[in-house]
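Working notes, structure below.
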Amino acid sequence: MAVQELTLRMIVSSLFGWLALSTTCAAFVPVVVMNAARMRVSSSPAFLWTWLYGDITNLLGAVLGKLPPTQLALAIWYTAVDVTLIIQLRFFGHLDPLAPDPKPTKVFVKLQERKKKHPRWYKITVAFMSFSAWDDIKLLLFCIAAGLAAGGIYLTLGLHNDPEHFVIEEPRVLDPKSLAFGVASAATFCIARFPEMRSGENRSKAGIKPQHELDDPLFYFLIAENFFNILSILILSTNGQYLLIQSPWLGGSALSIVLDGVLIWRISAWQKRWNERKGSDGETGAEKEAERAARLAKLDEEKAQLEEEWEVEDMHVEAHAPVPKQREGESKADYKRRVHAHAVARKDYLENQHLVADIKARGDRRAGRREEDEKDADEDDYASGAQDLDDSHASSRHRTRSSNRHDLTRVDSDGDSALGHLPLLLSGGGGSRKRRSTGGPKRV
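Be aware that the sequence shown starts at 36, since it is given in this note's numbering, and climbs by one per residue.
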């Protein structure tokens, strides 16, 4: 058997494969880092699971077809990214029902994070979100340089360890399973782009701001990655059997480039339609949109604050309630878990009275603003001739408010005046209560 030598085509093909891998790093590393910094994943679970299915079939096809090392590394990288995103989704949004963390612990952790002026990873998040086009180009060039360096190291080590037999082998045997997995992977990636296009069209026709920006580098990086992948495949060999084996990956990459190009074209049309709609009433369009966004943000913040105050009230009831008794038919493990959660809730509540005091002060300020608004309304009604009736109502409201304030500052039987730390807008009393509606004021 003749000894096969490393050729220039093999070297160039391998380097283009490493370029494809480095381009995907430039596309997805910022996404993973920003998810960790913001502690949330923007992609939906269905989208992530669909891409994981496509990447797993791609990996299986590459392994069974004995594709070149760079294609195998690319399949492994994509699968690792999908698994990481799914883990982030589960970690940030999922709570194990068999070992739940007590609610007070989660609430106080959230409050403590809010008190920090610069949360962890904050600067990284701002840096990635404020990237300009030139910053994206520099990131891509850096990853390309790193990919070329990695390819050079791979070739150098291969030649150093086995200078006589090290080659980039091209597959020559067609494996039906590999072909089927490759076709399934290519079809999954191409079909997954159509719901995204349909969603963008529906949002644009409804007058909603497009979800994607035209300067989002992700699509351009993906186009570059697929282009480098095609070059890597074609440069290695033009043998008919080899091209048949690689046909799912060639076709999938080519279709992905076309569909991503169409998506960029549609994003341009959506942005143009949005800008025309936003500026249809002159210079005030952007100002009105900004004002509306500010109002919605203020309502969201007020809703979050109310939910925190209600959480603290429920925490007080749970912390000062007696130790729960074992229910009929309840297992010993479940009962121990409930007792442990109760103990942690009480300890956590008593150790974080300074946070409760902050919430109480915030409730006081809100109650004060409400009293001023009611006072102004009473004065307006008085000017219109309704003095006697309004004085009676105001006196009744004042007595009710004073009574509630007196109830909220009662001292418990164990000597702890924890209720005094609760916001004045919360109703007093103990026992179990139904969760209040968090609908909040109606949005404008």
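Beta carbons: idealized from backbone N, C-alpha and C, even for Gly.
Rounded to whole angstroms, the separation of the alpha carbons of residue 385 and residue 392 is 11 Å. The C-beta separation of residue 281 from residue 268 comes to about 5 Å, placing the pair in contact by the 8 Å criterion. 253 is the residue among 394, 352, 253, 118 whose C-alpha sits nearest the C-alpha of residue 175.
In this structure, residue 302 sits away from residue 230, with a CB-CB distance that is not shorter than 8 Å.
Counting every other CB atom within 10 Å of its CB across the protein chains shown gives residue 49 a total of 16 or more, marking it as buried. The Cβ-Cβ distance between residue 53 and residue 183 falls below 8 Å. Taking the CA atoms as reference points, residue 300 sits about 33 Å from residue 102. Listed in chain order, the beta strand (DSSP E) runs fully inside the stretch 255–311 amount to none, counting runs of at least 3 residues. Only residues of its own chain outside the window of five on either side were considered, and among them 87 have a CB closer than 8 Å to the CB of residue 118, listed in chain order.
Inclusion of residue 223 and residue 85 in the CB contact set at 8 Å is warranted, their separation being smaller than that value. Here the C-alpha atom of residue 44 lies approximately 30 Å from the C-alpha atom of residue 116. Judged by their CB atoms, residue 58 and residue 259 are nearer to each other than the 8 Å cut-off. Rounded to the nearest whole angstrom, the C-alpha separation of residue 402 and residue 328 is 25 Å.
Residue 194 has its alpha-carbon roughly 24 Å from the corresponding atom of residue 277. Counting the other CB atoms within 10 Å of its CB gives residue 89 a total of 16 or more, which places it among the buried residues.
Look at the stretch 184–265 and you find no whole run of beta strand (DSSP E) that is 3 residues long or longer. Annotation: the continuous alpha helix (DSSP H) that includes residue 371 extends over 367–386. Annotation for residue 92: the continuous alpha helix (DSSP H) segment containing it runs 80–99. With contacts defined as CB atoms closer than 8 Å, residue 251 and residue 99 fail to qualify as a contacting pair. The residue from 109, 378, 341, 240 with its alpha-carbon nearest to that of residue 352 is 378.
The Cβ atoms of residue 263 and residue 292 do not sit closer than 8 Å to each other. About 12 Å separates the CB atoms of residue 55 and residue 107; that is not less than 8 Å, and the two are not in contact. Looking from the CA of residue 295, the closest CA among 255, 331, 311, 273 belongs to 255. Around the beta carbon of residue 120, 16 or more other beta carbons lie within 10 angstroms, which makes this residue buried. Short of 6 Å from the beta carbon of residue 374, and not among the five residues preceding or following it, lies no beta carbon of its own chain. The beta carbon of residue 286 sits closer than 8 Å to the beta carbons of 221 from its chain, once the five residues preceding and following it are set aside; these are given in chain order. Contact check for residue 65 against residue 124 fails: the beta carbons are separated by 8 Å or more. For the pair residue 309 and residue 239, the CB atoms are nearer than the 8 Å cut-off. Burial is judged here by how many other beta carbons sit within 10 angstroms of a residue's own beta carbon; residue 349 has at least 16 and is buried.
Linking residue 249 to residue 205 through their CA atoms gives a straight-line distance of about 39 Å. Closest in alpha carbon position to residue 126, among 112, 76, 186, is 76.
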